[in-house]
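Asker: Residue numbers (my numbering): 10 to 277. Glycine is no exception: its CB is placed at the ideal position from the N, C-alpha and C atoms. Structure in structure tokens, see below.
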Amino acid sequence: MANQKEMTVVQHLEELRKVLIISIISTVVAAAVCWFFSERFLAILLQPVTGAGHEIIYIGVTEAVMTKIKLAFFLGFLAALPITLWQFWGFVIPALRKIERVYFTLFILISFLLFVGGVAFGFLVVFKLCVSFLLSYGGPQLVPMLTIGKYVSFTLNFLLPFGLIFEMPLASFFLARLGIINYRSMVKGRKIAILVSVVIASAVVSSPEIFTVLLFAAPMYLLYEISASIVKVVEWSMNLKKSGQKFSILAPVKRLIARARGIRIFAK
10 MANQKEMTVV QHLEELRKVL IISIISTVVA AAVCWFFSER FLAILLQPVT GAGHEIIYIG
70 VTEAVMTKIK LAFFLGFLAA LPITLWQFWG FVIPALRKIE RVYFTLFILI SFLLFVGGVA
130 FGFLVVFKLC VSFLLSYGGP QLVPMLTIGK YVSFTLNFLL PFGLIFEMPL ASFFLARLGI
190 INYRSMVKGR KIAILVSVVI ASAVVSSPEI FTVLLFAAPM YLLYEISASI VKVVEWSMNL
250 KKSGQKFSIL APVKRLIARA RGIRIFAK
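The following block contains the structure:
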């Protein structure tokens, strides 16, 4: 805290080592607990395939058990993420001032909610549509023989980027507050954002179908536009603060009401 003496580099490394050890242990313990619920979560992940009347097989002796272990560690990572973020928060917070601690705490909380929300959105909306389209593309003549290992790997590789991509608006907010990015630069970077979205979608989806790639790329670019709007609002509020005016989220509504009243008086 503020009254504590400054720590040496070795002490900082010891604290960081403690944070990493606790985070790893909590993830392993959470994964062990999630192992007992892996069947239920596996049924949820398989629902886009089994719901369409298809079956999942495994062709290796250890494929089924290794897939469940992989799924358990993924679930353990999500379950232990609050503990990991809490440890990271405790490591950084002593070096911050009071107002910085408030912002950093909000950053940790919102980043966790956005990550989980991104994973949920990726599965419930994009992933289900993607799998449904790809399975229907085979037609009635082709019978899909999906192995559990490749399917779960594809699913996790598909969902994790959504959790990270959903952090874009939050990162843009803080970068705009620090003056690192601005709205004009984000407007100029729209073409690059479209290209990067398509490239990332092509790498993650690994499908020759352009519809599937665009289905993944569209939310990424939409988040880019949302981030650009957030940066614009941040710049506007900072400019108002510099000019001595108070920022109010109801200001645009008040202006619309004032204009409506003016039009009514003019009409009379």
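Need the endpoints of the alpha helix (DSSP H) that THR164 sits in, please.
Answerer: Per DSSP, THR164 belongs to the alpha helix (DSSP H) from 157-174.
Asker: Quick check: the Cα distance between PHE83 and ARG106, rounded to an integer number of angstroms?
Answerer: C-alpha separation (whole angstroms): 35 Å.
Asker: How about ILE119 and LEU94: do their beta carbons lie closer than 7 Å?
Answerer: Cβ atoms of ILE119 and LEU94: not closer than 7 Å.
Asker: Buried or exposed for PRO154, please, with buried defined as at least 16 other CB atoms from any protein chain shown within 10 angstroms of its CB.
Answerer: It should be noted that the sequence gives Met, not Pro, for residue 154. Result: exposed.
Asker: Rounded to a whole number of angstroms, what is the C-alpha to C-alpha distance between VAL152 and GLY62?
Answerer: Cα-Cα distance, rounded: 11 Å.
Asker: If we ignore side chains and look at the alpha-carbon of each, how far apart do TYR230 and LEU165 end up?
Answerer: Rounded to the nearest angstrom, the two C-alpha atoms are 21 Å apart.
Asker: Anyone know if the C-beta pair for VAL213 and GLY172 falls short of 7 Å?
Answerer: No; because the gap between Cβ atoms is not below 7 Å, this pair is not in contact.
Asker: Quick one, are the C-beta atoms of LEU87 and SER47 less than 7 Å apart?
Answerer: No.
Asker: Work out the CA separation of TRP245 and ILE201 for me, nearest whole Å.
Answerer: Answer to the nearest angstrom: the Cα atoms are 25 Å apart.
Asker: Are the Cβ atoms of ALA180 and VAL240 separated by less than 7 Å?
Answerer: No.
Asker: Given ARG121, which residues of its chain have a CB within under 8 Å of its CB, disregarding the five upstream and five downstream residues?
Answerer: According to the sequence shown, residue 121 is Phe rather than Arg. Cβ within range, chain order: LEU90, PRO91, LEU94.
Asker: Please return the same chain residues whose Cβ sits closer than 6 Å to the Cβ of ILE235, not counting the five positions on each side in sequence.
Answerer: PRO178, listed in sequence order.
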